[in-house]
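All remarks here apply to the structure that follows.
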Amino acid sequence: MDDKYLPAIYTGFALGIAFLGWRIDNAYYLQLLIFIGLNTLLALSLNMLMGYAGQISLGHAAFYGIGAYVTAILSTTYQVPPLLALPAAVGAAMVIAWIVGIPTLRLSGYYLGMGTLGFGMIVHIVLREWGSVTGGASGFVGIPPLEIGPVSFASSKSYFFLVWAVVLAVIILCRRIIDSRVGRALCAIHDGEKAAAAVGVNTRRLKLQVFVLSAGIAALAGFLYAHLVFFISPGSFGFMASIKIVTMVVIGGMASIWGALFGASLLTLLPEWLHAFSEFEMVVYGLILMVVMIFMPRGLTRGLMDIYERYRKTHDRQ
Amino acid sequence: MLRIRNLKCFYGRIMAVKGVSLSVNPGEIICLIGANGAGKTTLLSAVCGLLTDWTGQIDFEKKSLKGLEPPAIVRAGISLVPEGRQIFAPLSVLDNLRLGAYTMYKKKAHAAIQQDLESVMELFPILRQRQRQPAGTLSGGEQQMLAIARALMARPRLLLLDEPSMGLAPMVVEKILEVISLLRSRGLTIVLVEQNALAALEVSDRGYVFETGAVVLQGGAGELMADKDVKRAYLGKDYGDFYDAG
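If you read the protein sequences in the order shown, they are chains D and P.
The first sequence begins at 17 in this note's numbering and counts up by one.
The second sequence begins at 34 in this note's numbering and counts up by one.
Below, the structure written as structure tokens:
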């Protein structure tokens, strides 16, 4: 996408959000859109790590969970105002990512996948077993709604605007990083780590930095999630949750910011649409994912673009 | 400029370079020739910091490179054109070149980078034509030019070229060698690793012949070209051409 259109795209995006927020009053639809927003944040965060830098993480939901649990514990157990809990939640995830990243990011490919998978499991088990702090397997209840100064985000509509404003901010942030020198270096690491090192990219440090950034964004999503649903349990942050994030990135299209948005939307909406199939729901769900991957192996965004190009070519010829 | 003493390089327990010493003076083109697996690429990797498991001494401009990471070595003025080109295929030609200048950001280098882009595109006009194309769509020769141009973007004083002729048509090889000579005339010092020994010796001042991890022969390019063993082993002539006919 050309740089000169970016401001127009962002403005259009913001207007779209404003329009949706203005038109939609149905609580169910608002809730659905909020979840799309949260999943978009997760997909964006993993996309930076996996889509651009080419580092697989199968434990990304752990950072989502850390964000959610840190704010839950601070704002409920210790009555800390959520605005102060936010930097703590994001900061905790980033520090943990940094510590975990130093040894794990020495791995690559399947081995990195296994390493991050193990990390995700450890976090999940800690959340489940450390009952006195996290509430254990039965979950953490009574998280307060979000209030920032005099502004309350208790209503669905205000929360919708908050989440999507954050999504837009994160999209802009990611885009700025990708279009910079650092973004090029991330793609270089993806394509060839040795070659990237040969041109002077500090590959180890850059991988660690993008891992930490990615963890921070996931924790931000976790923070928003906790103050949305008021009740969290370890089940939301386990292995399946991590896989779901990976699926969103792959289905949407790796190394594409809009792909993260597409993937997150599809994977949030699909289960809702498929309720009609009742007990076959998961079968149809799996089939759709398979079909998308077979016919659009580079994800929805690229796949749809290819189809459009092909259509235009045949159209031009006639 | 570059001085290597008793360099030993290891891959795990295997010693791939077994005590090599060599020196490169400013403004020279030095070629390292020898068969596959003789340790030439390994030596370059050690100089660039890509391989850290080595003993001995590598000094660049009288400073030891021991323990330096690749970015620091690039900043010190050494650039590598890696074996097999290793361009970033999905990125555009322009982005590949900009990545070459990755270490230059701190010095408020925007204008300087723009200037360097112009100058490498002057050197390789084809890159200007293809600047928006993904680098993977270039031909082999164009990719080699891109790899050289990318290395030049870091403003090296010493350029290491690993098998630039590999897999290229003779005409393209000629063109690449011309560029190498041109770069030297502009004051760049060059180390050229080649299996195509004849082509390499033609543009070089001096050469080192490698065999199984050690230097077995060294001397001026002309001497080496005339040397019977070199001819037999690396210039593709049979024993017969020298011994029987003689």
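Heads up, the beta-carbon is just placed ideally off N, CA and C, and yes, glycines get one too.
{"Asked": "Beta-ladder partner(s) of P/Leu-244, from DSSP", "Found": "Position check: residue 244 of chain P holds Glu in this sequence, whereas Leu was assumed. Paired residue(s): P/Ala-247."}
{"Asked": "Whole-angstrom distance between D/Phe-29 and D/Leu-409, CA atom to CA atom", "Found": "Residue 409 of chain D lies beyond the range of chain D shown here (17 to 334); nothing can be said about it."}
{"Asked": "Proximal chain D residues relative to P/Gly-173, where beta-carbon distance stays under 7 Å", "Found": "Chain D residues near P/Gly-173: none, gap ~16 Å exceeds 7 Å."}
{"Asked": "Coarse secondary structure for P/Lys-95, derived from DSSP in three states", "Found": "coil"}
{"Asked": "Own chain, CB closer than 7 Å to D/Val-228, minus 5 neighbours either side, in chain order", "Found": "Met-110, Ala-113, Trp-114, Gly-117"}
{"Asked": "Exposed unless 16 or more other CB atoms sit within 10 angstroms - verdict on P/Ser-172", "Found": "exposed"}
{"Asked": "Nearest-angstrom Cα separation, counted from P/Leu-210 out to D/Met-17", "Found": "Summary for D/Met-17: the model assigns pLDDT 46, below 50, so the residue's position carries little reliability; its value from the coordinates is reported in the next sentence. Answer to the nearest angstrom: the Cα atoms are 38 Å apart."}
{"Asked": "Residue from P/Leu-231, P/Thr-222, P/Ser-78, P/Lys-261 with nearest C-alpha to P/Ile-106", "Found": "P/Ser-78"}
{"Asked": "Rounded C-alpha distance that separates D/Gly-152 from D/Tyr-85", "Found": "11 Å"}
{"Asked": "heavy atom of the ligand COA below 7 Å from P/Val-114 C-beta", "Found": "Among the components modelled here there is no ligand, and therefore nothing to report on the ligand COA."}
{"Asked": "Within 8 Å, strictly: CB atoms of D/Arg-333 and P/Tyr-135", "Found": "no"}
{"Asked": "Beta carbon proximity, D/Lys-210 to chain P, threshold 8 Å", "Found": "yes"}
{"Asked": "Best match in P/Gly-169, P/Gln-176, P/Pro-167 for proximity to P/Glu-157 [C-alpha to C-alpha]", "Found": "Before going on, a small fix: residue 157 of chain P reads as Phe here, not Glu. Taking only the C-alpha atoms, the option nearest P/Phe-157 is P/Gln-176."}
{"Asked": "Where the segment 210 to 228 of chain D meets chain P: residues whose CB sits under 7 Å from a CB there", "Found": "Lys-210, Ala-211, Ala-213, Ala-214, Val-215, Gly-216, Val-217, Asn-218"}
{"Asked": "Chain-ordered residues of the segment 86 to 99 of chain P with a beta carbon less than 7 Å from chain D", "Found": "none"}
{"Asked": "Contacting positions in the segment 298 to 324 of chain D - beta carbon closer than 9 Å to chain P", "Found": "none"}
{"Asked": "P/Ala-122 vs P/Ala-168 beta-carbon contact at 8 Å", "Found": "yes"}
{"Asked": "Neighbour flag for D/Asp-19 against chain P, beta carbons, 8 Å", "Found": "no"}
{"Asked": "Span separating the alpha-carbon of D/Val-179 from that of P/Leu-98", "Found": "50 Å"}
{"Asked": "The segment 39 to 49 of chain P / the segment 294 to 308 of chain D touching (three or more Cβ pairs under 8 Å)", "Found": "no"}
{"Asked": "Where D/Asp-19 sits in the DSSP three-state scheme", "Found": "helix"}
{"Asked": "Three or more C-beta pairs below 8 Å linking the segment 226 to 241 of chain D and the segment 66 to 77 of chain D", "Found": "yes"}
{"Asked": "Given 8 Å, three or more beta-carbon pairs between the segment 29 to 48 of chain D and the segment 199 to 216 of chain D", "Found": "no"}
{"Asked": "is_contact[P/Asp-128, chain D] using C-beta, thresh 8 Å", "Found": "yes"}
{"Asked": "Inter-stretch contact at 8 Å, needing at least 3 Cβ pairs: the segment 229 to 240 of chain D / the segment 76 to 94 of chain D", "Found": "yes"}
{"Asked": "Residues of its chain near D/Phe-293, where Cβ-Cβ distance is below 6 Å and the 5 sequence neighbours each way are ignored", "Found": "Val-300"}
{"Asked": "Beta carbon proximity, P/Tyr-138 to chain D, threshold 8 Å", "Found": "yes"}
{"Asked": "Chain-order list of residues whose beta-carbon lies under 8 Å from that of P/Leu-179 (same chain, five-residue window excluded)", "Found": "Arg-118, Ile-120, Val-126, Asn-129, Leu-130, Phe-157, Leu-160, Ala-168, Leu-171"}
{"Asked": "Short Cβ contact (8 Å threshold) for P/Gly-133 with P/Phe-243", "Found": "no"}
{"Asked": "P/Gln-162 at chain D interface by Cβ criterion, 8 Å", "Found": "no"}
{"Asked": "Minimum Cβ-Cβ distance from D/Arg-122 to chain P less than 8 Å", "Found": "no"}
{"Asked": "Test: P/Gly-133 CB closer than 8 Å to a CB of chain D", "Found": "yes"}
{"Asked": "Residue burial classification, D/His-243 (beta-carbon count within 10 angstroms, cutoff 16)", "Found": "buried"}
{"Asked": "With 16 other Cβ atoms within 10 Å as the buried cut-off, status of D/Ile-50", "Found": "buried"}
{"Asked": "Beta-bridge partners of P/Asp-195, as assigned by DSSP", "Found": "P/Val-226"}
{"Asked": "Below-8 Å beta-carbon distance, D/Asp-195 vs any chain P residue", "Found": "no"}
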